[in-house]
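Student:
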Amino acid sequence: MIITQQLDTIRRLISECAKKQQRAAEEITLLAVSKRHSADNIRTAFKHQQIDFGENYLNEALEKQAQLSDLAIRWHYIGSIQSNKTRKIAENFAWVHTVDSLRIARRLAAQRPEHLAPLNICLQINIDQEASKSGLAPDLDILLPLVAEIQTLTTIKLKGLMCIPAPKNNKDEERQTFRKMQTLRQQINQHIFDKRLDTLSMGMSDDLDTAIECGATIVRVGTAIFGQRS
Ligand SMILES: *Cc1c(COP(=O)(O)O)cnc(C)c1O
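Okay, so the sequence shown: first residue is 39 according to our numbering, each after it adds one.
As structure tokens, this is what we get:
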């Protein structure tokens, strides 16, 4: 099965990158991005020890979750969030990587069912400050008060920061962007006494080596596992 081979290849790559940076491979979670890939393909990957799956489109995700309800998958929401979608997201995912406002964080917290563990969230940072992209500005004056507010909410757990960088021409440019994310997390953590941020969700198929070099703890890989999307 091609998916299992490609999973093995990515796992090997993650281990090698971690080793090179003297990091433990277990510090880095592979998030398999399964948008526009079938429930059957997800099942195949799950049987091959893949637990974390990322989805971008809510209705598509809910359909697949229903088909795969017999599996203990950890579902991550990584798409853009409209406020009328927060309830279903809060009810059906373990993680949300794309929170970019206090308003959305508050809605997710209010709508997270009491019987579930707190919803893990990351703040999406528009790290290259692109006009076309959503995400928070990489600005401590904005982020510090936001982090403080969000950490008062008990039904969500602020884990860290996430970014989708602009396309880069070389490894040096990639590195500059990922270093900014690493520094931002450090700077935020200097202002927090407990509940420090332990997550950097960054790095995809082509730049996960550089992301791991810069401290990524979750890398998000779709095509290199499942092939081209239809
Ligand atoms: C689609 C997507 C990915 C995976 O992209 P591939 O090119 O398929 O590896 C990662 N992160 C986010 C936020 C995505 O939307």
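Glycine included, every Cβ here is placed at the ideal spot set by N, Cα and C. All values reported here derive from a predicted model rather than from experimental measurement.
What separation, rounded to the nearest whole angstrom, lies between the Cα atoms of residue 70 and residue 103?
Tutor: 15 Å
Student: Say whether chain B places a C-beta atom closer than 8 Å to the C-beta of residue 266.
Tutor: The chain inventory of the structure shown lacks chain B, comprising one protein chain alone.
Student: What is the rounded straight-line gap between the Cα of residue 43 and the Cα of residue 57?
Tutor: 21 Å
Student: What does the alpha-carbon distance come out to for the pair residue 238 and residue 254?
Tutor: 5 Å
Student: Are residue 77 and residue 105 closer than 8 Å when you measure CB to CB?
Tutor: yes
Student: Would residue 159 pass as a contact of residue 195 if the rule is Cβ separation under 8 Å?
Tutor: yes
Student: Among 121, 82, 231, 157, which has the Cα closest to the Cα of residue 191?
Tutor: A check of alpha carbon separations from residue 191 across 121, 82, 231, 157 identifies 157 as the nearest.
Student: With a cut-off of 8 Å, do at least 3 Cβ pairs link the region 82–92 to the region 109–117?
Tutor: Output reads yes: the region 109–117 touches the region 82–92.
Student: Can you tell me where the beta strand (DSSP E) holding residue 68 begins and where it ends?
Tutor: 67–71
Student: Which residues in the same chain have their Cβ closer than 6 Å to the Cβ of residue 204, if we skip the five residues on either side of it in sequence?
Tutor: 166, 168
Student: Could you spell out the range, first to last residue, of the beta strand (DSSP E) harbouring residue 84?
Tutor: Element bounds for residue 84: not the beta strand (DSSP E) but the alpha helix (DSSP H), 77–85.
Student: For residue 125 and residue 230, what's the separation of their Cα atoms in angstroms?
Tutor: 29 Å
Student: Return the bridge partner residues of residue 207 from the DSSP annotation.
Tutor: Beta-bridge pairing links residue 207 to no other residue.
Student: Which same chain residues end up closer than 7 Å to residue 264 when comparing Cβ atoms and leaving out the 5 residues on each side of it in sequence?
Tutor: 41, 72, 75, 79
Student: If you scan the region 140–180 from start to end, which runs of the beta strand (DSSP E) of 3 or more residues do you find wholly inside it?
Tutor: Runs of the beta strand (DSSP E) lying entirely within the region 140–180, each at least 3 residues long, are 157–163 in chain order.
Student: Need the endpoints of the alpha helix (DSSP H) that residue 50 sits in, please.
Tutor: Per DSSP, residue 50 is one residue of the alpha helix (DSSP H) stretching across 40–58.
Student: My assumption, with CB atoms under 8 Å, is that residue 173 sits in contact with residue 180. Please give the rounded CB distance.
Tutor: That pair is no contact at about 11 Å.
Student: Just to confirm, are residue 199 and residue 222 a CB contact at a threshold of 8 Å?
Tutor: yes
Student: With 16 as the cutoff for other CB atoms within 10 Å, does residue 197 come out buried or exposed?
Tutor: buried
Student: Report yes if the C-beta distance between residue 50 and residue 68 is below 8 Å; otherwise report no.
Tutor: no
Student: What residue does the alpha helix (DSSP H) around residue 125 start on, and which one ends it?
Tutor: Looking at the DSSP string, the run of the alpha helix (DSSP H) that includes residue 125 is 124–130.
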